[in-house]
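A quick write-up on the structure given underneath.
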Amino acid sequence: MKQLVQSARKGTATVVDVPAPSVRPDHVLVQAAASVVSPGTERSVMEFAGKGLLGKAQARPDLVRQVLDKARREGIVSTLGAVRDRLDRPLTLGYSNAGTVLAVGDGVDEFRAGDRVACAGAGSAVHAEVVNVPRNLVVTLPENVGFESGAFATLGAIALHSLRLADIQLGEVVAVIGLGMVGLLAVQVARAGGCRIVGMDVSPERCELAEGLGCEVALTDGPRLLDRVSQLTQGHGADKVIICAATPSNEPMELAGSIARDRATVVAVGDVGMDVPRQLYYEKELTLRVSRSYGPGRYDPAYEERGHDYPIGYVRWTENRNMQAFVHLLADDKLDVGRLITHRVPIEDSAKAYKIVAGESSVPPLGVVITYPERPDLTRRVELSPTDRARHIPTFQSLSVGLLGAGGFATTTLLPAMKKVAGIELIGVCTATGARSRHAGDKFGFSYCTTDENEIIDDPQVNTVAIATRNHLHARQVVAGLTAGKHVFCEKPLSLHEGELQEIVTAHYSIQKRERASTGNARGERRDNAESAAPEPTAGAPLLMVGFNRRFAPMALRLKAFVGDIREPLVLQYRVNAGYLPPDHWVHDPEQGGGRIISEVCHFVDFLSFLTGAVPTRVLAHGLSNGSRYHDDNVIVTLEFSNGSVGSITYVASGDRRVAKERVEVFGGGAAAILDDFRRLDLVSDGRKKVYRSRLHRDKGHRHEWEALLASVRSGGPPPIPFDEIVATTLATFRLVDALHAGTQVDVDVAGFISSALGPAHEEVTGPRETQ
1011 MKQLVQSARK
1021 GTATVVDVPA
1031 PSVRPDHVLV
1041 QAAASVVSPG
1051 TERSVMEFAG
1061 KGLLGKAQAR
1071 PDLVRQVLDK
1081 ARREGIVSTL
1091 GAVRDRLDRP
1101 LTLGYSNAGT
1111 VLAVGDGVDE
1121 FRAGDRVACA
1131 GAGSAVHAEV
1141 VNVPRNLVVT
1151 LPENVGFESG
1161 AFATLGAIAL
1171 HSLRLADIQL
1181 GEVVAVIGLG
1191 MVGLLAVQVA
1201 RAGGCRIVGM
1211 DVSPERCELA
1221 EGLGCEVALT
1231 DGPRLLDRVS
1241 QLTQGHGADK
1251 VIICAATPSN
1261 EPMELAGSIA
1271 RDRATVVAVG
1281 DVGMDVPRQL
1291 YYEKELTLRV
1301 SRSYGPGRYD
1311 PAYEERGHDY
1321 PIGYVRWTEN
1331 RNMQAFVHLL
1341 ADDKLDVGRL
1351 ITHRVPIEDS
1361 AKAYKIVAGE
1371 SSVPPLGVVI
1381 TYPERPDLTR
1391 RVELSPTDRA
1401 RHIPTFQSLS
1411 VGLLGAGGFA
1421 TTTLLPAMKK
1431 VAGIELIGVC
1441 TATGARSRHA
1451 GDKFGFSYCT
1461 TDENEIIDDP
1471 QVNTVAIATR
1481 NHLHARQVVA
1491 GLTAGKHVFC
1501 EKPLSLHEGE
1511 LQEIVTAHYS
1521 IQKRERASTG
1531 NARGERRDNA
1541 ESAAPEPTAG
1551 APLLMVGFNR
1561 RFAPMALRLK
1571 AFVGDIREPL
1581 VLQYRVNAGY
1591 LPPDHWVHDP
1601 EQGGGRIISE
1611 VCHFVDFLSF
1621 LTGAVPTRVL
1631 AHGLSNGSRY
1641 HDDNVIVTLE
1651 FSNGSVGSIT
1661 YVASGDRRVA
1671 KERVEVFGGG
1681 AAAILDDFRR
1691 LDLVSDGRKK
1701 VYRSRLHRDK
1711 GHRHEWEALL
1721 ASVRSGGPPP
1731 IPFDEIVATT
1741 LATFRLVDAL
1751 HAGTQVDVDV
1761 AGFISSALGP
1771 AHEEVTGPRE
1781 TQ
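Okay, structure coming up:
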């Protein structure tokens, strides 16, 4: 299908062919019929993207500070890579459209295929033939409301929400400053609500249009407006002032204060200068409110992404209910949005829409509508490579990778690391959104991109599935990959709860049992035919690898070799200055992210297990109670290992990010070692110190973990990380959460967990287990 995207580096808009999305739980799949270009919001995005690096830095000094902080923490090389990735990533454009429902996801019962709907949401209701929109951002269109009119529902909700914030009353005088699309919609809605409207805009044409849509008067300069408002209100001033202008100037704020009556309300909708003239606002005791988009629910992931509505008795007008109210006004012929449309552009030529908005048109733009074909392209796979791969058959000499998920980590770290390893071939990439899938496919040289994970899992050209999706999808995709006979590389965490881990254990050992029976028969035949021949390498059973990359870092391997000579239990301390994540970050969500202990502390549990050469047997955790700011991410945990070693992990979200993120200290046998942020390693023994440094780049083992996986596949040997160790680390994080909430030590019985997962077939599948 076709979608309009923009380059964050150059600012240019282009139409690209991308795979159509699939419907997700609590979402609605919609075939677009019309979408509206917001001249204010989308033009500002385009103008920012069109700036050079210096211009971007001047416009967003906050981002510059973030880049500098990242460079201090992680080094120049990785920071430059992250900046380049962000600039290369395409921006999806659009947030208001209308069309017909194609399918509904699990949990959605208020819509069905064939319904006519209006949709909202940046990143959801984009300029594309087919869109996947959260249920709370979709409303039904009455039969007498056309798709073009319905496509204005999001913009209408923005106007309606600003009027609700102003608390307009029947008969009041409302002034609207800025008569662009939102301003003209606000004029009409306020008029429908029984108010008297005055307006102001620098464009005479828009002032004339505003008067035709319900303004009693619309003028192009402030002093004349002040006089007319005074005449209309017997010298009192406007009851409410809505600022819909978009300008860095402070003039709209000053004008609003001048024309407002005593104790009036001013609502800022547009992106205007906010240097409030205190004396003026103080003398009149004005109320200033800033409108946040189109109503309560905006920017709340629980509402927008997961479909959790607010009770109507507590929140009467959510963004969805504002959209409904606007659509009802359209159905009752109280509004005329047709007069706002100045241009119509088909999706295949929609890049022209942004040239029109930028002023490259003889007709001044206002409402620019993008139209779509009646029969969209629903293909969910787009071929990118011209090479004929029909005869390609993967062998155990290479990794033919299909990637699930291509978010920031995958494109800045995972894929660049894989590209450096000879013997890795990138076959297909799958993401939930077609634009991101196409971008990753083009940038890293995949043969195809898709939005259907089964295209990857079922592809015979793929022998390795790499999983970099959100955490809640990992376990299911791991099982699917193993069951399909593929090697699986899964970014941490492996799973979010014990039930998922049990499913992985069962799948893994079932496959091992099947492979053992198969290879056992083959080996018996070989012994009969050539007993003296050396064994040939074999690909073996599918391998499971989790992205515990730190144990493969060069400095980590030096540290492991150093402590490997110590013949007594170790004492270890791992300090992690993880940094703050806001409460609404998806990692904190127990359903999607699992929390930071399960999703991130697992890294450090694995690293201590690697250094000790043992698995955790008992854990204890203490955390700080910091109200709603933190979510079990200021913790100190203690781990006892099967060989008597003891380790602690101090994981904090309350520190300053300018302090190095990670520091490991190891003591034992009269020796000591300090690994400081994977940039410096101090090894001290017998009074002598060796120091290793890396100044520009922190090598945390991302490339080396792939080299290790490839070596295991080629040799047919064991996986780089033993499966039982992966299970032990994952289980230990579950037990850490239990220990934190219970306030007591909790045992980690890996053997018992695996036996329970497998049931009576345990001995048959894995053989008798030695006691630690």
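The sequence shown begins at 1011 in our numbering and counts up by one. Note that the Cβ used here is the ideal one computed from N, Cα and C, for glycine as well.
Contact annotation, residue 1410 with residue 1471: C-beta distance approximately 6 Å; criterion of less than 8 Å satisfied. By the C-beta criterion, the segment 1028-1035 is judged to be in contact with the segment 1455-1462, since at least 3 inter-stretch pairs fall below 8 Å. Scanning its chain for C-beta atoms nearer than 6 Å, with the 5 sequence neighbours on each side dropped, one finds around residue 1632 the residues 1646, in chain order.
Between the alpha carbons of residue 1186 and residue 1134 lies a distance of about 30 Å. Here residue 1152 carries a coil assignment [DSSP, helix/strand/coil]. Contiguous beta strand (DSSP E) elements confined to the segment 1311-1385 occur at 1351-1356, 1377-1381, taking only those with 3 or more residues. Where residue 1144 is concerned, the enclosing beta strand (DSSP E) starts and stops at 1140-1144. The secondary-structure analysis by DSSP pairs residue 1587 across a beta bridge with 1662.
Taking a 10 Å sphere around the C-beta of residue 1099, we find 16 or more other C-beta atoms and assign the residue as buried. Bounds of any alpha helix (DSSP H) do not take in residue 1729, whose DSSP letter is neither H nor E.
When only Cα atoms are considered, residue 1419 and residue 1381 end up about 35 Å apart. Boundaries of the alpha helix (DSSP H) harbouring residue 1488: 1484-1493, taken from the DSSP string. Judged by pairs of C-beta atoms under 8 Å, the segment 1217-1228 touches the segment 1187-1202, as three or more such pairs exist. DSSP places residue 1122 outside any alpha helix (DSSP H), giving it a letter other than H or E. One thing to note: residue 1424 has its Cβ no nearer than 8 Å to the Cβ of residue 1479. Note on geometry: alpha-carbon atoms of residue 1516 and residue 1505 lie some 14 Å from one another. In the DSSP assignment, residue 1429 falls within the alpha helix (DSSP H) that extends over 1425-1429.
The Cβ-Cβ distance between residue 1046 and residue 1165 falls below 8 Å. Between residue 1416 and residue 1441, the CB-CB gap stays under 8 Å. For residue 1293, the closest of 1273, 1305, 1450 by C-alpha to C-alpha distance is 1273.
Under the three-state reduction of DSSP, residue 1182 is assigned to coil, being neither helix nor strand. As the crow flies, the alpha-carbon of residue 1275 is around 28 Å from that of residue 1130. Judged by beta-carbon spacing, residue 1367 lies within the 8 Å limit of residue 1378, meaning their Cβ atoms are closer than that value.
DSSP places residue 1222 in the uninterrupted alpha helix (DSSP H) bounded by 1214-1222.
Cβ contact annotation for residue 1450 (same chain, cutoff 8 Å, sequence separation greater than five): 1413, 1416, 1420, 1421, 1425, 1439, 1441, 1456, 1459, in chain order.
In this chain, residue 1393 is not harboured by any alpha helix (DSSP H); it is covered by the beta strand (DSSP E) spanning 1391-1393. Around the C-beta of residue 1573, 16 or more other C-beta atoms lie within 10 Å, and the residue is accordingly described as buried. A Cβ-Cβ contact shorter than 8 Å links residue 1140 with residue 1040. Going by beta carbons, residue 1654 and residue 1587 fall outside the 8 Å limit.
When secondary structure is reduced to three states using DSSP, residue 1107 falls in the strand class. By the neighbour-count criterion, in which 16 or more other beta carbons inside 10 Å mark a residue as buried, residue 1167 falls on the buried side.
Counting along the chain, residue 1466 sits inside the alpha helix (DSSP H) bounded by residues 1463-1467.
DSSP links residue 1440 through a beta bridge to 1414, 1460. The beta-carbon separation of residue 1492 and residue 1332, rounded to 47 Å, does not stay under the 8 Å limit for a contact. In this chain, the alpha helix (DSSP H) harbouring residue 1168 covers 1163-1176. Between residue 1127 and residue 1112, the C-beta gap is not smaller than 8 Å, which leaves the two residues out of contact.
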